[in-house]
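Input: a single structure, listed below in C-alpha coordinates.
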Amino acid sequence: MVDVKRAAERGREVSSRVSEEGAGWDCVEIGAFDRLRPPHARSFSWLNPRTLWRSRNEVLAALFGDPSGQVRARWTAAQRERGADPSFRIPLEVGEEFSFLLLGDTGEGDASQYAVVPGLLRIGEDTDFAIIASDVVYPTGSGNEYEDKFFRPYQDYRAPIYAIPGNHDWYDGLGGFMRVFCDAPALRDRAEGFRFSPAGLRGLLWRRPEKIDEARLAGARERRSLPEQQAAQPGPYWVMEAPGLLIVGVDTGITGMIDREQADWLREVSLDPRPKVLVTGKPIYVRNEYKPSALEGGGTVDDIVTDPRHNYVAAIGGDVHNYQRFPVRVGERTIQYVVAGGSGAFTHATHTIPRITVGGVHEDDYRCYPLRGDSLSFYSKLYSERLRMRWLYLTPDEAVCIMSERIGNTPPRPPSGGVRITRRMRWAARLLGSWPLPLRLPVGKVFHRYLSELSDWDTPPFFKSFLHVSVTPQALRIRCFAATGCLPQEIEPPLEDEVVIPLT
(Lines of atoms letter the chains of each structure in order from A and count residues from 1; the text may use other names and numbers.)
(Lines give C-alpha, C1' and ligand atoms only; values in the text may rest on other atoms or scores of the structure.)
Protein backbone atom coordinates (compact mmCIF):
# COMPACT_ATOMS: atom_id res chain seq x y z
CA MET A 1 0.00 0.00 0.00
CA VAL A 2 1.41 3.36 -1.04
CA ASP A 3 1.34 6.28 1.39
CA VAL A 4 0.47 9.06 -1.04
CA LYS A 5 1.42 11.78 1.40
CA ARG A 6 4.90 10.31 1.84
CA ALA A 7 5.19 9.66 -1.91
CA ALA A 8 4.31 13.31 -2.52
CA GLU A 9 6.93 14.50 -0.06
CA ARG A 10 9.58 12.43 -1.77
CA GLY A 11 8.24 13.38 -5.20
CA ARG A 12 8.64 17.05 -4.38
CA GLU A 13 12.35 16.47 -3.74
CA VAL A 14 12.96 14.76 -7.09
CA SER A 15 10.85 16.93 -9.42
CA SER A 16 11.92 18.92 -12.47
CA ARG A 17 11.71 22.03 -10.29
CA VAL A 18 14.65 20.72 -8.30
CA SER A 19 17.04 19.12 -10.79
CA GLU A 20 17.68 18.14 -14.40
CA GLU A 21 17.67 14.53 -13.22
CA GLY A 22 14.12 15.01 -11.92
CA ALA A 23 13.11 16.29 -15.36
CA GLY A 24 14.44 13.09 -16.91
CA TRP A 25 17.38 14.61 -18.78
CA ASP A 26 19.85 12.16 -17.25
CA CYS A 27 17.82 9.10 -18.19
CA VAL A 28 20.22 6.14 -18.18
CA GLU A 29 17.63 3.40 -17.73
CA ILE A 30 14.30 3.21 -19.56
CA GLY A 31 11.31 2.43 -17.38
CA ALA A 32 9.40 -0.84 -17.28
CA PHE A 33 6.55 0.74 -19.26
CA ASP A 34 8.07 -0.49 -22.51
CA ARG A 35 7.26 -4.08 -21.52
CA LEU A 36 3.58 -3.19 -21.11
CA ARG A 37 3.11 -2.20 -24.73
CA PRO A 38 1.52 -4.65 -27.17
CA PRO A 39 4.13 -6.47 -29.25
CA HIS A 40 2.63 -5.20 -32.51
CA ALA A 41 2.39 -1.57 -31.38
CA ARG A 42 3.44 1.15 -33.78
CA SER A 43 4.29 4.72 -32.93
CA PHE A 44 1.27 6.93 -33.48
CA SER A 45 1.78 9.75 -35.97
CA TRP A 46 -0.30 12.40 -37.66
CA LEU A 47 2.07 12.35 -40.64
CA ASN A 48 -0.17 9.89 -42.41
CA PRO A 49 -2.70 10.83 -45.12
CA ARG A 50 -5.11 8.10 -43.99
CA THR A 51 -5.07 9.39 -40.39
CA LEU A 52 -5.69 12.95 -41.55
CA TRP A 53 -8.55 11.87 -43.80
CA ARG A 54 -10.16 9.88 -40.97
CA SER A 55 -9.94 13.03 -38.81
CA ARG A 56 -11.55 15.35 -41.34
CA ASN A 57 -14.65 15.99 -39.21
CA GLU A 58 -12.69 18.59 -37.20
CA VAL A 59 -12.18 20.72 -40.31
CA LEU A 60 -15.72 20.13 -41.57
CA ALA A 61 -17.22 21.14 -38.21
CA ALA A 62 -15.22 24.38 -38.24
CA LEU A 63 -16.26 25.18 -41.82
CA PHE A 64 -19.90 24.08 -41.90
CA GLY A 65 -21.00 23.86 -38.27
CA ASP A 66 -20.64 21.30 -35.50
CA PRO A 67 -23.49 18.74 -35.42
CA SER A 68 -22.43 17.35 -32.03
CA GLY A 69 -25.36 18.97 -30.23
CA GLN A 70 -28.00 17.30 -32.39
CA VAL A 71 -26.29 13.91 -32.23
CA ARG A 72 -25.76 14.23 -28.48
CA ALA A 73 -29.48 14.87 -28.00
CA ARG A 74 -30.21 11.60 -29.82
CA TRP A 75 -27.76 9.73 -27.60
CA THR A 76 -29.20 11.16 -24.37
CA ALA A 77 -32.78 10.47 -25.47
CA ALA A 78 -31.84 6.88 -26.30
CA GLN A 79 -30.15 6.49 -22.92
CA ARG A 80 -33.21 7.70 -21.04
CA GLU A 81 -35.36 5.28 -23.04
CA ARG A 82 -33.01 2.50 -21.95
CA GLY A 83 -33.58 3.42 -18.30
CA ALA A 84 -30.61 5.69 -17.51
CA ASP A 85 -31.07 8.14 -14.67
CA PRO A 86 -32.82 11.12 -16.32
CA SER A 87 -30.54 13.55 -14.48
CA PHE A 88 -27.43 11.55 -15.45
CA ARG A 89 -26.37 11.14 -11.84
CA ILE A 90 -23.69 8.70 -10.71
CA PRO A 91 -23.95 7.97 -6.96
CA LEU A 92 -20.47 7.29 -5.61
CA GLU A 93 -20.17 4.60 -2.97
CA VAL A 94 -17.49 6.42 -1.02
CA GLY A 95 -17.22 7.89 2.44
CA GLU A 96 -16.54 11.47 3.44
CA GLU A 97 -12.89 10.92 2.56
CA PHE A 98 -11.96 9.49 -0.84
CA SER A 99 -9.53 9.96 -3.71
CA PHE A 100 -9.43 9.56 -7.47
CA LEU A 101 -7.11 9.87 -10.46
CA LEU A 102 -7.68 12.25 -13.34
CA LEU A 103 -6.07 11.70 -16.76
CA GLY A 104 -6.43 13.70 -19.93
CA ASP A 105 -5.98 12.99 -23.66
CA THR A 106 -4.71 9.49 -23.13
CA GLY A 107 -5.28 7.26 -26.09
CA GLU A 108 -2.50 7.24 -28.66
CA GLY A 109 -1.58 3.68 -27.71
CA ASP A 110 2.14 4.31 -28.05
CA ALA A 111 5.08 4.81 -25.71
CA SER A 112 3.97 8.21 -24.44
CA GLN A 113 0.69 6.72 -23.17
CA TYR A 114 2.19 3.59 -21.63
CA ALA A 115 4.93 5.63 -19.94
CA VAL A 116 2.26 7.07 -17.62
CA VAL A 117 0.98 3.68 -16.47
CA PRO A 118 3.58 2.50 -13.88
CA GLY A 119 3.52 5.72 -11.87
CA LEU A 120 -0.24 5.94 -12.19
CA LEU A 121 -0.64 2.43 -10.76
CA ARG A 122 1.74 3.21 -7.91
CA ILE A 123 0.22 6.54 -6.87
CA GLY A 124 -3.36 5.44 -7.63
CA GLU A 125 -3.21 2.10 -5.87
CA ASP A 126 -5.80 3.03 -3.24
CA THR A 127 -7.92 5.49 -5.23
CA ASP A 128 -11.65 4.86 -5.53
CA PHE A 129 -12.01 5.58 -9.25
CA ALA A 130 -10.43 7.40 -12.19
CA ILE A 131 -11.69 9.93 -14.73
CA ILE A 132 -10.42 10.47 -18.27
CA ALA A 133 -11.00 14.04 -19.39
CA SER A 134 -11.11 14.21 -23.19
CA ASP A 135 -9.83 12.13 -26.13
CA VAL A 136 -9.94 8.60 -24.78
CA VAL A 137 -8.92 7.15 -28.16
CA TYR A 138 -7.03 8.72 -31.08
CA PRO A 139 -7.42 9.48 -33.92
CA THR A 140 -11.18 8.97 -34.38
CA GLY A 141 -12.55 7.33 -31.23
CA SER A 142 -13.23 4.02 -32.97
CA GLY A 143 -14.61 1.27 -30.75
CA ASN A 144 -12.27 -1.14 -32.55
CA GLU A 145 -9.19 0.61 -31.15
CA TYR A 146 -10.06 0.50 -27.45
CA GLU A 147 -8.13 -2.65 -26.57
CA ASP A 148 -4.60 -1.26 -26.92
CA LYS A 149 -5.55 2.34 -26.12
CA PHE A 150 -7.78 1.80 -23.08
CA PHE A 151 -8.32 -1.74 -21.82
CA ARG A 152 -4.70 -2.95 -22.06
CA PRO A 153 -2.90 0.06 -20.53
CA TYR A 154 -5.28 0.26 -17.55
CA GLN A 155 -5.96 -3.45 -17.06
CA ASP A 156 -4.17 -3.48 -13.69
CA TYR A 157 -5.98 -0.44 -12.30
CA ARG A 158 -8.39 -2.06 -9.83
CA ALA A 159 -11.14 0.58 -9.74
CA PRO A 160 -13.79 1.97 -12.11
CA ILE A 161 -12.85 4.41 -14.88
CA TYR A 162 -15.31 7.06 -16.06
CA ALA A 163 -14.79 9.48 -18.94
CA ILE A 164 -16.00 12.53 -20.78
CA PRO A 165 -15.43 12.62 -24.55
CA GLY A 166 -13.07 14.90 -26.41
CA ASN A 167 -13.21 16.12 -29.97
CA HIS A 168 -11.43 13.00 -31.27
CA ASP A 169 -13.99 10.72 -29.63
CA TRP A 170 -16.63 12.63 -31.58
CA TYR A 171 -15.01 11.89 -34.96
CA ASP A 172 -16.76 8.51 -34.75
CA GLY A 173 -20.09 10.12 -33.89
CA LEU A 174 -19.40 9.10 -30.26
CA GLY A 175 -20.24 5.49 -31.20
CA GLY A 176 -17.14 3.89 -29.69
CA PHE A 177 -17.30 6.02 -26.53
CA MET A 178 -20.99 5.30 -25.89
CA ARG A 179 -20.54 1.58 -26.54
CA VAL A 180 -17.61 1.24 -24.13
CA PHE A 181 -18.63 3.56 -21.29
CA CYS A 182 -22.44 3.45 -21.49
CA ASP A 183 -22.96 0.00 -23.07
CA ALA A 184 -25.17 1.75 -25.63
CA PRO A 185 -26.06 0.25 -29.02
CA ALA A 186 -25.34 2.25 -32.16
CA LEU A 187 -27.78 4.95 -33.21
CA ARG A 188 -29.91 4.21 -36.23
CA ASP A 189 -28.82 5.91 -39.43
CA ARG A 190 -30.92 8.83 -40.58
CA ALA A 191 -31.21 9.09 -44.32
CA GLU A 192 -31.32 12.70 -45.44
CA GLY A 193 -31.45 14.03 -48.98
CA PHE A 194 -28.83 16.48 -50.13
CA ARG A 195 -29.51 20.14 -49.48
CA PHE A 196 -27.47 23.00 -50.85
CA SER A 197 -26.57 24.40 -47.45
CA PRO A 198 -23.61 24.28 -45.04
CA ALA A 199 -25.12 21.20 -43.38
CA GLY A 200 -25.68 19.57 -46.74
CA LEU A 201 -22.12 20.21 -47.89
CA ARG A 202 -20.81 18.92 -44.56
CA GLY A 203 -22.83 15.74 -44.98
CA LEU A 204 -21.20 14.91 -48.31
CA LEU A 205 -17.79 14.51 -46.70
CA TRP A 206 -18.67 13.70 -43.09
CA ARG A 207 -17.03 10.55 -41.74
CA ARG A 208 -19.65 8.00 -40.70
CA PRO A 209 -19.35 5.95 -37.48
CA GLU A 210 -17.26 2.83 -37.81
CA LYS A 211 -19.06 -0.47 -37.27
CA ILE A 212 -17.82 -2.07 -34.08
CA ASP A 213 -16.52 -5.63 -34.13
CA GLU A 214 -18.47 -6.88 -31.10
CA ALA A 215 -16.40 -10.07 -30.70
CA ARG A 216 -13.21 -8.03 -30.70
CA LEU A 217 -14.63 -5.58 -28.17
CA ALA A 218 -15.82 -8.41 -25.91
CA GLY A 219 -12.29 -9.82 -25.91
CA ALA A 220 -10.89 -6.41 -25.07
CA ARG A 221 -13.31 -6.03 -22.14
CA GLU A 222 -11.85 -9.17 -20.56
CA ARG A 223 -8.78 -7.12 -19.65
CA ARG A 224 -10.91 -5.09 -17.21
CA SER A 225 -13.49 -7.66 -16.18
CA LEU A 226 -13.06 -7.70 -12.40
CA PRO A 227 -16.17 -6.66 -10.41
CA GLU A 228 -14.32 -3.76 -8.77
CA GLN A 229 -13.35 -2.38 -12.19
CA GLN A 230 -16.88 -1.99 -13.52
CA ALA A 231 -18.42 1.44 -14.05
CA ALA A 232 -21.97 2.37 -14.99
CA GLN A 233 -22.02 5.71 -16.81
CA PRO A 234 -25.41 7.12 -17.88
CA GLY A 235 -24.31 9.34 -20.76
CA PRO A 236 -21.57 11.50 -22.29
CA TYR A 237 -22.07 14.07 -19.52
CA TRP A 238 -22.85 13.30 -15.89
CA VAL A 239 -22.68 14.40 -12.28
CA MET A 240 -20.96 12.27 -9.62
CA GLU A 241 -22.41 12.61 -6.15
CA ALA A 242 -20.32 12.17 -3.01
CA PRO A 243 -21.40 13.23 0.50
CA GLY A 244 -19.46 16.51 0.43
CA LEU A 245 -18.64 17.09 -3.23
CA LEU A 246 -20.12 16.96 -6.73
CA ILE A 247 -17.96 16.23 -9.78
CA VAL A 248 -19.69 17.61 -12.87
CA GLY A 249 -18.54 16.33 -16.27
CA VAL A 250 -19.56 18.20 -19.44
CA ASP A 251 -19.25 17.13 -23.07
CA THR A 252 -17.89 19.90 -25.30
CA GLY A 253 -18.23 18.04 -28.63
CA ILE A 254 -15.89 18.92 -31.48
CA THR A 255 -15.72 22.71 -31.37
CA GLY A 256 -16.57 23.38 -27.71
CA MET A 257 -20.21 24.47 -27.96
CA ILE A 258 -22.52 23.08 -25.25
CA ASP A 259 -26.00 22.38 -26.60
CA ARG A 260 -29.14 23.84 -25.02
CA GLU A 261 -30.29 20.61 -23.37
CA GLN A 262 -26.93 20.06 -21.70
CA ALA A 263 -26.71 23.73 -20.73
CA ASP A 264 -30.10 23.56 -19.00
CA TRP A 265 -28.99 20.36 -17.24
CA LEU A 266 -25.75 22.03 -16.12
CA ARG A 267 -27.61 24.99 -14.64
CA GLU A 268 -29.94 22.64 -12.78
CA VAL A 269 -27.29 20.38 -11.23
CA SER A 270 -25.17 23.42 -10.35
CA LEU A 271 -27.88 24.66 -7.95
CA ASP A 272 -26.97 21.90 -5.50
CA PRO A 273 -25.25 23.70 -2.58
CA ARG A 274 -22.40 21.21 -2.24
CA PRO A 275 -18.90 22.23 -3.43
CA LYS A 276 -18.22 21.22 -7.03
CA VAL A 277 -15.43 20.40 -9.46
CA LEU A 278 -16.07 20.82 -13.18
CA VAL A 279 -14.42 18.35 -15.58
CA THR A 280 -14.56 19.51 -19.18
CA GLY A 281 -13.21 18.52 -22.58
CA LYS A 282 -11.98 22.08 -23.23
CA PRO A 283 -10.05 24.10 -20.61
CA ILE A 284 -11.38 27.52 -19.66
CA TYR A 285 -7.99 29.14 -19.08
CA VAL A 286 -5.07 27.92 -21.19
CA ARG A 287 -1.70 29.44 -22.12
CA ASN A 288 -2.40 33.14 -21.50
CA GLU A 289 -5.92 33.00 -22.91
CA TYR A 290 -9.47 32.85 -21.61
CA LYS A 291 -11.52 30.40 -23.72
CA PRO A 292 -14.76 29.37 -22.00
CA SER A 293 -17.10 27.07 -23.91
CA ALA A 294 -20.20 28.84 -25.19
CA LEU A 295 -23.68 27.72 -24.14
CA GLU A 296 -26.30 27.45 -26.85
CA GLY A 297 -28.80 30.20 -26.13
CA GLY A 298 -26.27 32.57 -24.56
CA GLY A 299 -23.58 32.77 -21.91
CA THR A 300 -20.60 30.52 -21.24
CA VAL A 301 -19.81 27.59 -19.00
CA ASP A 302 -17.63 29.93 -16.93
CA ASP A 303 -20.67 32.07 -16.13
CA ILE A 304 -21.98 29.02 -14.29
CA VAL A 305 -18.62 28.22 -12.67
CA THR A 306 -18.09 31.74 -11.32
CA ASP A 307 -21.63 32.22 -9.99
CA PRO A 308 -21.16 32.13 -6.18
CA ARG A 309 -24.48 30.31 -5.75
CA HIS A 310 -23.03 27.28 -7.53
CA ASN A 311 -19.99 26.83 -5.27
CA TYR A 312 -17.45 25.61 -7.87
CA VAL A 313 -13.93 25.38 -6.45
CA ALA A 314 -12.07 24.05 -9.52
CA ALA A 315 -12.49 23.53 -13.26
CA ILE A 316 -10.27 20.88 -14.91
CA GLY A 317 -10.05 20.47 -18.69
CA GLY A 318 -8.21 18.30 -21.20
CA ASP A 319 -7.58 18.90 -24.93
CA VAL A 320 -4.21 20.70 -24.48
CA HIS A 321 -1.45 18.17 -23.90
CA ASN A 322 0.39 19.49 -20.88
CA TYR A 323 -0.32 20.67 -17.30
CA GLN A 324 -1.19 24.24 -16.37
CA ARG A 325 -2.85 25.82 -13.33
CA PHE A 326 -4.38 29.29 -13.00
CA PRO A 327 -5.57 30.40 -9.53
CA VAL A 328 -8.17 33.01 -10.51
CA ARG A 329 -9.58 35.35 -7.90
CA VAL A 330 -13.38 35.63 -8.26
CA GLY A 331 -14.88 38.00 -5.72
CA GLU A 332 -13.88 36.79 -2.26
CA ARG A 333 -12.75 33.33 -3.37
CA THR A 334 -10.19 31.67 -5.63
CA ILE A 335 -11.14 29.13 -8.28
CA GLN A 336 -8.42 26.79 -9.54
CA TYR A 337 -8.51 26.42 -13.33
CA VAL A 338 -6.43 23.43 -14.41
CA VAL A 339 -5.29 22.08 -17.79
CA ALA A 340 -4.73 18.34 -17.44
CA GLY A 341 -4.26 16.89 -20.92
CA GLY A 342 -0.80 15.42 -20.50
CA SER A 343 -1.54 11.75 -19.86
CA GLY A 344 -0.74 10.06 -23.14
CA ALA A 345 -0.73 12.09 -26.33
CA PHE A 346 2.30 14.07 -27.60
CA THR A 347 3.28 16.97 -25.35
CA HIS A 348 2.36 20.50 -26.39
CA ALA A 349 5.14 23.05 -25.96
CA THR A 350 5.05 25.35 -22.94
CA HIS A 351 7.99 27.61 -23.88
CA THR A 352 5.72 29.47 -26.32
CA ILE A 353 3.45 30.55 -23.43
CA PRO A 354 4.04 34.27 -22.69
CA ARG A 355 4.21 35.89 -19.27
CA ILE A 356 0.90 35.23 -17.52
CA THR A 357 -1.52 38.11 -17.00
CA VAL A 358 -4.90 36.57 -17.91
CA GLY A 359 -7.64 36.57 -15.28
CA GLY A 360 -5.53 38.74 -12.99
CA VAL A 361 -3.18 35.80 -12.35
CA HIS A 362 0.39 36.79 -11.57
CA GLU A 363 3.18 34.91 -13.34
CA ASP A 364 4.63 33.76 -10.00
CA ASP A 365 1.33 32.07 -9.10
CA TYR A 366 1.02 30.23 -12.43
CA ARG A 367 2.24 26.63 -12.76
CA CYS A 368 3.00 24.53 -15.81
CA TYR A 369 4.63 21.21 -16.68
CA PRO A 370 6.88 20.72 -18.52
CA LEU A 371 8.69 23.82 -17.34
CA ARG A 372 9.19 26.35 -20.13
CA GLY A 373 12.96 25.84 -20.07
CA ASP A 374 12.65 22.07 -20.44
CA SER A 375 10.21 22.53 -23.30
CA LEU A 376 12.62 24.89 -25.11
CA SER A 377 15.59 22.58 -24.56
CA PHE A 378 13.67 19.59 -25.89
CA TYR A 379 12.69 21.36 -29.11
CA SER A 380 16.19 22.71 -29.58
CA LYS A 381 17.54 19.18 -29.30
CA LEU A 382 14.92 17.89 -31.71
CA TYR A 383 15.62 20.45 -34.43
CA SER A 384 19.39 20.50 -34.00
CA GLU A 385 19.42 16.77 -34.71
CA ARG A 386 16.84 16.72 -37.46
CA LEU A 387 18.26 19.71 -39.33
CA ARG A 388 21.91 18.94 -38.47
CA MET A 389 22.28 22.44 -37.06
CA ARG A 390 24.23 21.96 -33.83
CA TRP A 391 24.11 25.67 -33.00
CA LEU A 392 20.35 25.40 -32.38
CA TYR A 393 20.80 23.16 -29.34
CA LEU A 394 20.25 24.77 -25.96
CA THR A 395 21.19 22.83 -22.85
CA PRO A 396 18.53 22.66 -20.11
CA ASP A 397 20.50 25.24 -18.10
CA GLU A 398 20.79 27.58 -21.08
CA ALA A 399 17.09 27.19 -21.88
CA VAL A 400 16.14 27.96 -18.25
CA CYS A 401 18.11 31.21 -18.37
CA ILE A 402 16.74 32.20 -21.78
CA MET A 403 13.14 31.63 -20.63
CA SER A 404 13.72 33.53 -17.39
CA GLU A 405 14.98 36.50 -19.44
CA ARG A 406 12.04 36.16 -21.82
CA ILE A 407 9.35 35.85 -19.13
CA GLY A 408 10.95 38.08 -16.52
CA ASN A 409 10.63 35.68 -13.62
CA THR A 410 12.79 33.78 -11.17
CA PRO A 411 13.60 30.40 -12.75
CA PRO A 412 11.50 27.59 -11.22
CA ARG A 413 14.69 25.47 -11.32
CA PRO A 414 17.86 27.48 -10.69
CA PRO A 415 20.65 26.80 -13.21
CA SER A 416 23.34 24.49 -11.89
CA GLY A 417 26.19 26.75 -13.02
CA GLY A 418 26.99 30.14 -14.42
CA VAL A 419 25.40 30.64 -17.84
CA ARG A 420 26.26 33.61 -20.03
CA ILE A 421 23.48 34.26 -22.54
CA THR A 422 24.93 34.75 -26.00
CA ARG A 423 23.57 36.06 -29.29
CA ARG A 424 23.57 32.50 -30.65
CA MET A 425 21.35 31.33 -27.77
CA ARG A 426 18.88 34.18 -28.25
CA TRP A 427 18.56 33.52 -31.97
CA ALA A 428 18.06 29.80 -31.37
CA ALA A 429 15.30 30.56 -28.86
CA ARG A 430 13.63 33.00 -31.24
CA LEU A 431 13.59 30.49 -34.07
CA LEU A 432 12.12 27.90 -31.70
CA GLY A 433 9.17 30.12 -30.83
CA SER A 434 10.05 31.67 -27.48
CA TRP A 435 9.83 35.13 -29.13
CA PRO A 436 7.28 36.13 -31.80
CA LEU A 437 8.91 36.18 -35.23
CA PRO A 438 7.51 36.39 -38.76
CA LEU A 439 9.54 33.27 -39.57
CA ARG A 440 10.18 30.54 -37.01
CA LEU A 441 10.37 26.78 -36.81
CA PRO A 442 7.00 25.07 -36.23
CA VAL A 443 6.48 24.01 -32.60
CA GLY A 444 2.75 24.53 -32.06
CA LYS A 445 -0.42 22.77 -33.10
CA VAL A 446 0.44 22.70 -36.79
CA PHE A 447 3.69 20.91 -36.04
CA HIS A 448 2.05 18.31 -33.84
CA ARG A 449 -0.95 17.86 -36.06
CA TYR A 450 0.89 17.24 -39.31
CA LEU A 451 4.62 16.81 -38.65
CA SER A 452 4.84 15.01 -35.29
CA GLU A 453 6.59 12.04 -36.88
CA LEU A 454 9.65 14.24 -37.31
CA SER A 455 9.98 14.00 -33.53
CA ASP A 456 11.22 10.75 -32.02
CA TRP A 457 8.69 11.08 -29.24
CA ASP A 458 9.10 7.42 -28.25
CA THR A 459 12.27 8.14 -26.28
CA PRO A 460 12.34 9.73 -22.79
CA PRO A 461 11.89 12.23 -21.35
CA PHE A 462 8.20 12.39 -22.26
CA PHE A 463 7.07 15.13 -19.81
CA LYS A 464 3.71 13.38 -19.25
CA SER A 465 1.53 13.91 -16.17
CA PHE A 466 -1.57 12.78 -14.27
CA LEU A 467 -3.52 14.11 -11.30
CA HIS A 468 -4.21 12.57 -7.91
CA VAL A 469 -7.17 14.24 -6.19
CA SER A 470 -8.00 13.58 -2.54
CA VAL A 471 -11.13 14.80 -0.78
CA THR A 472 -11.95 15.30 2.88
CA PRO A 473 -14.83 17.26 4.46
CA GLN A 474 -12.40 20.14 4.97
CA ALA A 475 -10.39 20.28 1.75
CA LEU A 476 -9.75 19.07 -1.78
CA ARG A 477 -6.10 18.46 -2.66
CA ILE A 478 -4.90 18.29 -6.28
CA ARG A 479 -1.45 16.85 -6.97
CA CYS A 480 0.21 16.72 -10.38
CA PHE A 481 2.65 13.82 -10.78
CA ALA A 482 5.04 13.50 -13.70
CA ALA A 483 5.91 10.54 -15.92
CA THR A 484 9.16 10.83 -17.85
CA GLY A 485 9.59 7.26 -19.07
CA CYS A 486 12.76 6.85 -16.97
CA LEU A 487 12.95 4.11 -14.34
CA PRO A 488 13.76 6.37 -11.33
CA GLN A 489 10.66 8.47 -12.04
CA GLU A 490 8.53 5.32 -12.30
CA ILE A 491 9.67 4.21 -8.86
CA GLU A 492 9.27 7.67 -7.34
CA PRO A 493 6.96 9.79 -9.52
CA PRO A 494 7.99 13.46 -9.29
CA LEU A 495 5.46 15.84 -7.76
CA GLU A 496 5.32 18.86 -10.06
CA ASP A 497 2.51 20.81 -8.42
CA GLU A 498 0.14 20.67 -5.46
CA VAL A 499 -2.73 22.85 -4.33
CA VAL A 500 -5.10 22.55 -1.37
CA ILE A 501 -8.61 24.00 -1.79
CA PRO A 502 -10.73 24.61 1.33
CA LEU A 503 -14.23 23.15 1.15
CA THR A 504 -15.66 24.69 4.32
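Numbering (UniProt numbering), first residue to last: 1 to 504. All C-beta atoms, glycine included, are put in the ideal place defined by N, C-alpha and C.
- Excluding sequence positions up to five before and after residue 129, its CB lies within less than 6 Å of the CB of 100, 159, 160, all in the same chain and listed in chain order.
- C-alpha of residue 34 to C-alpha of residue 490: approximately 12 Å in a straight line.
- Between the C-alpha atoms of residue 383 and residue 393 there is a straight-line separation of about 8 Å.
- In the three-state scheme derived from DSSP, where H, G and I count as helix and E and B as strand, residue 161 is classed as strand.
- A direct Cα-Cα distance of roughly 14 Å separates residue 11 from residue 478.
- Contact annotation: the stretch 255 to 264 touches the stretch 289 to 304, with at least three C-beta pairs closer than 8 Å.
- If you ignore the 5 residues before and after residue 493, its C-beta comes within less than 8 Å of the C-beta of 7, 11, 119, 122, 123, 481, 482, 483, all in its own chain and listed in chain order.
- With a minimum length of 4 residues, the unbroken runs of alpha helix (DSSP H) contained wholly in the stretch 58 to 109 fall at 68 to 81.
- Between the alpha carbons of residue 373 and residue 403 lies a distance of about 6 Å.
- Distance from residue 96 to residue 243 at the Cβ level is roughly 5 Å; contact confirmed, criterion being Cβ atoms closer than 8 Å.
- Inclusion of residue 237 and residue 88 in the CB contact set at 8 Å is warranted, their separation being smaller than that value.
- Counting C-beta pairs closer than 8 Å gives fewer than three between the stretch 131 to 147 and the stretch 351 to 371, which falls short of the contact rule.
- Distance from residue 344 to residue 155 at the Cβ level is roughly 15 Å; contact not present, criterion being Cβ atoms closer than 8 Å.
- By DSSP's assignment, residue 240 forms a beta bridge with 90, 247.
- The count of Cβ pairs closer than 8 Å, one atom from the stretch 211 to 228 and one from the stretch 64 to 72, stays below three, leaving the stretches out of contact.
- In the displayed model, residue 411 falls within coil according to three-state DSSP, outside both helix and strand.
- In the three-state reduction of the DSSP assignment, residue 392 falls in the helix class.
- In this structure, DSSP gives residue 497 an extended state, which the three-state scheme calls strand.
- Under DSSP, residue 465 takes part in a beta bridge, and its partners are 482.
- In this structure, the beta-carbon distance from residue 357 to residue 288 falls below 8 Å.
- In the DSSP annotation of this structure, the continuous segment of the alpha helix (DSSP H) that includes residue 121 starts and ends at 117 to 123.
- Within the same chain, and ignoring the five residues on either side of residue 15 in sequence, the residues whose Cβ sits closer than 6 Å to its Cβ are 22, 494, 495, 496.
- Bounds of the beta strand (DSSP E) holding residue 324 are 323 to 330.
- Per DSSP, residue 27 is not a residue of any beta strand (DSSP E), being assigned neither H nor E.
- Shown here for residue 276: same chain residues with a beta carbon closer than 8 Å to its own, the five before and five after excluded, namely 245, 246, 247, 248, 270, 310, 311, 312, 313 in chain order.
- Just so you know, the alpha carbons of residue 361 and residue 297 end up roughly 30 Å apart.
- If you draw a straight line from the Cα of residue 425 to the Cα of residue 178, it comes to about 50 Å.
- Burial check for residue 351: the Cβ neighbour count within 10 Å reaches 16 or more, so the residue is buried.
- With contacts defined by Cβ atoms closer than 8 Å, residue 31 and residue 166 do not form a contacting pair.
- Note on residue 40: under 16 other CB atoms within 10 angstroms of its CB, so exposed under the neighbour-count rule.
- Under a 10 Å Cβ-count criterion, residue 108 is classified as buried, with 16 or more other Cβ atoms of the shown protein chains found around its own Cβ.
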